[in-house]
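Trainee: So for the sequence shown, the numbering used here puts the first residue at 17; every next one is plus one.
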Amino acid sequence: MKYTKLIWRDQQPYSEMFDDIYYSSDEDETVSGESEFEHVFFRHNGLPERWKEALSENSSFVIAELGFGSGLNCILTIKKWLEFIAGSDDGHQDRCLHYIAIEKYPLSPQTLGELASQNIGADPELPTDSPPEVPTDLRSIADELIDNYPPAVETTHIRRLFGGRVVIHYRFMDALQALAGAELNVDAWYLDGFSPAQNPEMWSEELFQRIAENSRSGTTCSTYTAAGFVRRNMQAAGFEVSKVAGHGKKREMLVAVMAAEKTSTTLKFKDRPWFASAPAISRDIIRRQKTATIIGAGIAGLSVAYALVQRGWKVSVIDKHGDVAKGTSENPAAIVYPRLSADNDTDTAFYVQAYAYSLYLLKKLQEKHAEKFWFDNGMLQRFDKKRIAKIVDRFGFNDDFISVLNKRAEQPEAGPDNVYAEYGNTGVVLPP
Numbered sequence: 017m018k019y020t021k022l023i024w025r026d027q028q029p030y031s032e033m034f035d036d037i038y039y040s041s042d043e044d045e046t047v048s049g050e051s052e053f054e055h056v057f058f059r060h061n062g063l064p065e066r067w068k069e070a071l072s073e074n075s076s077f078v079i080a081e082l083g084f085g086s087g088l089n090c091i092l093t094i095k096k097w098l099e100f101i102a103g104s105d106d107g108h109q110d111r112c113l114h115y116i117a118i119e120k121y122p123l124s125p126q127t128l129g130e131l132a133s134q135n136i137g138a139d140p141e142l143p144t145d146s147p148p149e150v151p152t153d154l155r156s157i158a159d160e161l162i163d164n165y166p167p168a169v170e171t172t173h174i175r176r177l178f179g180g181r182v183v184i185h186y187r188f189m190d191a192l193q194a195l196a197g198a199e200l201n202v203d204a205w206y207l208d209g210f211s212p213a214q215n216p217e218m219w220s221e222e223l224f225q226r227i228a229e230n231s232r233s234g235t236t237c238s239t240y241t242a243a244g245f246v247r248r249n250m251q252a253a254g255f256e257v258s259k260v261a262g263h264g265k266k267r268e269m270l271v272a273v274m275a276a277e278k279t280s281t282t283l284k285f286k287d288r289p290w291f292a293s294a295p296a297i298s299r300d301i302i303r304r305q306k307t308a309t310i311i312g313a314g315i316a317g318l319s320v321a322y323a324l325v326q327r328g329w330k331v332s333v334i335d336k337h338g339d340v341a342k343g344t345s346e347n348p349a350a351i352v353y354p355r356l357s358a359d360n361d362t363d364t365a366f367y368v369q370a371y372a373y374s375l376y377l378l379k380k381l382q383e384k385h386a387e388k389f390w391f392d393n394g395m396l397q398r399f400d401k402k403r404i405a406k407i408v409d410r411f412g413f414n415d416d417f418i419s420v421l422n423k424r425a426e427q428p429e430a431g432p433d434n435v436y437a438e439y440g441n442t443g444v445v446l447p448p
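1. Quick one: give me the first and last residue of the beta strand (DSSP E) that PHE224 is part of.
2. For VAL445 and SER211, what's the separation of their Cα atoms in angstroms?
3. Would you kindly work out how many angstroms separate the C-alpha atoms of ASP339 and VAL320, rounded to a whole number?
4. Nearest to GLN27 by alpha carbon, out of LEU131, ASP203, LYS68, LEU63?
5. Quick check on the burial criterion: 16 or more other C-beta atoms within 10 angstroms. Buried or exposed for TYR186?
6. Any chance you could list the alpha helix (DSSP H) runs of at least 4 consecutive residues sitting entirely within the region 69-111, in chain order?
7. Does the Cβ-Cβ distance between TYR165 and ASN89 come in under 9 Å?
8. Are the CB atoms of SER86 and HIS114 within a distance shorter than 9 Å?
9. Could you check whether GLU32 and LYS478 sit closer than 9 Å to each other, using their CB atoms as the reference points?
10. Are the beta-carbon atoms of LEU82 and MET218 separated by less than 9 Å?
11. Expressed to the nearest angstrom, what Euclidean distance is found between the alpha-carbon atoms of THR144 and GLY103?
12. Which term fits ALA138, buried or exposed, when burial requires 16 or more other beta carbons within 10 angstroms of its beta carbon?
13. Name the one or two DSSP bridge partners that THR236 has.
14. Leaving out five residues before and five after LEU396 in sequence, what residues of the same chain have Cβ atoms less than 6 Å from its Cβ?
15. Following the continuous beta strand (DSSP E) through GLN397, name the residue where it begins and the one where it ends.
16. Since I believe ILE184 is in contact with LEU177 (beta carbons under 8 Å), could you give me their beta-carbon distance rounded to a whole number of angstroms?
17. According to DSSP, what are the bridge partners of GLN28?
18. For GLU204, collect the residues of the same chain with a Cβ closer than 6 Å to its Cβ; drop the 5 residues on either side in sequence, then sort them by chain order.
19. In or out: ASN441 buried (at least 16 other Cβ within 10 Å) or exposed?
20. So, VAL352 versus LEU378, is the Cβ gap smaller than 9 Å?
21. My guess is that SER238 and PHE57 are in contact by the Cβ rule of under 8 Å, so how many angstroms apart are they, rounded?
22. State the start and end residues of the unbroken alpha helix (DSSP H) segment that holds ILE157.
23. My output table needs one value for TYR39: the three-state DSSP class, helix, strand or coil.
24. Relative to the C-alpha of ALA158, which residue among PHE100, GLN126, THR172 is closest?
25. Do you know how far the Cα of GLU160 is from the Cα of ILE94?
26. In whole angstroms, what is the alpha-carbon distance linking PRO167 and SER220?
27. Where does the unbroken beta strand (DSSP E) through TYR19 begin, and where does it stop?
28. Who does GLU268 pair with in a DSSP beta bridge?
29. Measuring alpha carbon to alpha carbon, tell me which residue in GLY317, TYR240, PHE255, GLY244 is nearest ALA261.
30. Is the CB-CB distance between THR309 and VAL333 below 9 Å?
31. Taking the alpha-carbon positions, what's the LEU200 to SER231 distance?
32. Find the nearest neighbour of ASP36 within the set ALA253, PRO447, PRO216, judged by alpha-carbon distance.
33. Output the distance between the C-alpha atoms of PHE389 and ASP361, rounded to the nearest integer angstrom.
34. Between TYR38, SER48, GLY49, ILE315, which has its C-alpha nearest GLU119's C-alpha?
35. Counting only beta-carbon atoms, is PHE366 nearer than 9 Å to chain C?
36. Leaving out the 5 sequence neighbours to the left and right, which residues in its chain are closer than 6 Å to SER124 when beta-carbon positions are compared?
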């Protein structure tokens, strides 16, 4: 996977691949990208009214966008969400917005930054009593998003931002793959793929069936298009569909709601990858006390403890050694790299996701600590030339993830067909 490119035409950003516009940057505010978001996605998914209703019983709200594109809808949604919880007097300040961003052809963080600079101007501040980790304007929200933007690696990248008030689930992959057996429990869908005429796969009957599988009773969706086959595919998936006035020059658009009572679609363990046996997003009922006790203070136990604390849990860790990182976790150093296989897609999918997240987490932890412990100077690994070529070709890794050097491995034990593969962004953990 590589970051996709955009082109500029009449001062409008277009997809080079689909020859379709990302959003309107027209000076006329009535047809701008921001006004389209407000009309098509925010208002016609019943927001923010549904937030107050849903959060009276649940600790989170889930939005999924098919076609993350420029990130504009995400940035604007986050701003609305932070305003909502900052101004709430009903104890919603600790609630979480899960934003699922599905994109097969992601733009680079540099391109997102350029688009944000062009599209985001002056913005009123949030209430002055907002917590310090809550940004006060669209520019700050965009910067936070871009600073934490994932690499172009085909996997799910999770980013917990704004003091845990927003969790973005970037799913950089085909939409059908992103929704297969995921149990996302989505409350509202933004269907913002490129034009059905240019990108029909994003509007297929099969995809809408997957959307329905990841929805629940009362789930809504909206889209700028009013194409007949899109409406029929939505209806075939169980949605009640209506036409309403469109945005700008579009006469009509589609809105829909999943009205039928849905039964559990939980798959049996044999039908799911071993590392995805639980729903991707749980709809937690609000609990006053969230406590957990973890037995073992090694790398695994501490990682679980850290993840729970990030989610607002009170955690106790018990270890027979009376200290952390003992036993098999007491190594003086750790090299971070994935175990890649040319023949085991499931294993490779797990290790790629874990590796990508580990690099991100180590970078963020290092930013919080003055003492150096993460040395990301890259790493070389010896591979059989044919095997590594097969791995790279099979999984579409780009050079930023792993690059095969045209240099034969020189160790005495290396065979004539051994080469080096370079992981340019990884390194070694050396605890102080």
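Note that beta-carbon positions come from the ideal geometry of N, C-alpha and C, so glycine has one too.
Mentor: In short, the structure shows the following:
1. Indexing the sequence shown from 1 puts residue 224 at position 208. Unbroken run through PHE224 is the alpha helix (DSSP H), 221-229; no beta strand (DSSP E).
2. Against the sequence shown, residue 445 aligns to sequence position 429. Against the sequence shown, residue 211 aligns to sequence position 195. Approximately 46 Å between the Cα atoms of the pair.
3. Reading the sequence shown from its first residue, position 323 is the one you call residue 339. Reading the sequence shown from its first residue, position 304 is the one you call residue 320. For the pair ASP339 and VAL320, the Cα-to-Cα distance works out to about 16 Å.
4. If you number the sequence shown from 1, residue 27 lands on position 11. The option with the nearest alpha carbon to GLN27 is LEU131.
5. Taking the first residue of the sequence shown as 1, we reach residue 186 at position 170. TYR186 comes out buried.
6. Within the region 69-111, the complete alpha helix (DSSP H) runs of at least 4 residues are 88-102.
7. Taking the first residue of the sequence shown as position 1, residue 165 is located at position 149. Taking the first residue of the sequence shown as position 1, residue 89 is located at position 73. Against a cut-off of 9 Å, the Cβ pair of ASN89 and TYR165 comes out as no contact.
8. Here residue 114 refers to the residue found at position 98 when the sequence shown is read from its first residue. Here residue 86 refers to the residue found at position 70 when the sequence shown is read from its first residue. Using a Cβ distance threshold of 9 Å, HIS114 and SER86 do not count as a contacting pair.
9. Lying outside 17 to 448, the shown extent of the chain, residue 478 is not represented and no answer is given.
10. For the purposes of this step, residue 82 is taken as the residue at position 66 of the sequence shown. For the purposes of this step, residue 218 is taken as the residue at position 202 of the sequence shown. Result yes, Cβ atoms of LEU82 and MET218 sit closer than 9 Å.
11. Indexing the sequence shown from 1 puts residue 144 at position 128. Indexing the sequence shown from 1 puts residue 103 at position 87. For THR144, the predicted model reports a pLDDT of 48, less than 50, meaning its position is unreliable and no value from the coordinates is stated.
12. Numbered from its first residue, the sequence shown carries residue 138 at position 122. Residue placement at ALA138 cannot be trusted, given a pLDDT of 44 that sits under 50; what the coordinates show is reported in the next sentence. Per the 10 Å Cβ criterion, exposed.
13. Within the sequence shown, the letter at position 220 stands for residue 236. THR236 pairs with ALA204, VAL273.
14. Your numbering for residue 396 matches position 380 in the sequence shown. Hits under 6 Å: TYR436, GLU438.
15. To locate residue 397, count along the sequence shown from 1; it is residue 381. 395-400 is the span of the beta strand (DSSP E), which, as asked, contains GLN397.
16. Position 161 of the sequence shown holds residue 177. Position 168 of the sequence shown holds residue 184. Right, the Cβ-Cβ distance comes to about 7 Å (below 8 Å), so this counts as a contact.
17. Counting from 1 along the sequence shown, the entry for residue 28 is found at position 12. According to DSSP, which records beta bridges pairwise, GLN28 is partnered with ARG25.
18. In the sequence shown, the residue the question calls residue 204 occupies position 188. Reading off the sequence shown, one finds Ala at residue 204, where the question assumed Glu. Excluding sequence neighbours, ALA204 sits near ASN61, ILE79, THR236.
19. Here residue 441 corresponds to residue number 425 of the sequence shown, with the count starting at 1. Its Cβ being crowded by 16 or more others within 10 Å, ASN441 is buried.
20. Position 336 of the sequence shown holds residue 352. Position 362 of the sequence shown holds residue 378. Cβ distance < 9 Å, so VAL352 and LEU378 count as in contact.
21. Taking the first residue of the sequence shown as position 1, residue 238 is located at position 222. Taking the first residue of the sequence shown as position 1, residue 57 is located at position 41. Between SER238 and PHE57, the beta carbon gap of about 6 Å places them in contact (Cβ cut-off 8 Å).
22. For this step, residue 157 is matched to residue 141 along the sequence shown. Per DSSP, ILE157 belongs to the alpha helix (DSSP H) from 154-163.
23. Looking up residue 39 in the sequence shown gives position 23. Note: TYR39 maps to coil in three-state DSSP.
24. Position 142 of the sequence shown holds residue 158. The residue with the shortest Cα to Cα distance from ALA158 is GLN126.
25. Within the sequence shown, residue 94 is the residue found at index 78, counting from 1. Within the sequence shown, residue 160 is the residue found at index 144, counting from 1. So the alpha carbons of these two residues sit roughly 11 Å apart.
26. Here the question's residue 167 lines up with position 151 in the sequence shown. Here the question's residue 220 lines up with position 204 in the sequence shown. When rounded, the distance between both Cα atoms is 28 Å.
27. Residue numbering aside, residue 19 sits at position 3 when the sequence shown is read from its first letter. No beta strand (DSSP E) contains TYR19, which DSSP labels as neither H nor E.
28. The residue labelled residue 268 in the question sits at position 252 within the sequence shown. GLU268 is bridged by DSSP to ALA261.
29. Position 245 of the sequence shown holds residue 261. The residue with the shortest Cα to Cα distance from ALA261 is TYR240.
30. Here residue 309 refers to the residue found at position 293 of the sequence shown. Here residue 333 refers to the residue found at position 317 of the sequence shown. One thing to note: THR309 has its Cβ within 9 Å of the Cβ of VAL333.
31. Residue mapping note: residue 200 aligns to position 184 of the sequence shown, counting from 1. Residue mapping note: residue 231 aligns to position 215 of the sequence shown, counting from 1. When only Cα atoms are considered, LEU200 and SER231 end up about 7 Å apart.
32. What you label residue 36 is simply residue 20 of the sequence shown in a count that begins at 1. Per the Cα distances, PRO216.
33. Against the sequence shown, residue 389 aligns to sequence position 373. Against the sequence shown, residue 361 aligns to sequence position 345. Their backbone Cα atoms lie some 32 Å apart in a straight line.
34. Walking along the sequence shown from the start, residue 119 turns up at place 103. Comparing alpha carbon positions, the residue from TYR38, SER48, GLY49, ILE315 closest to GLU119 is TYR38.
35. The displayed structure is made up of one protein chain only, and chain C is not part of it.
36. The sequence position of residue 124 within the sequence shown is 108, counting from 1. Excluding positions up to five away in sequence, the list reads TYR19.
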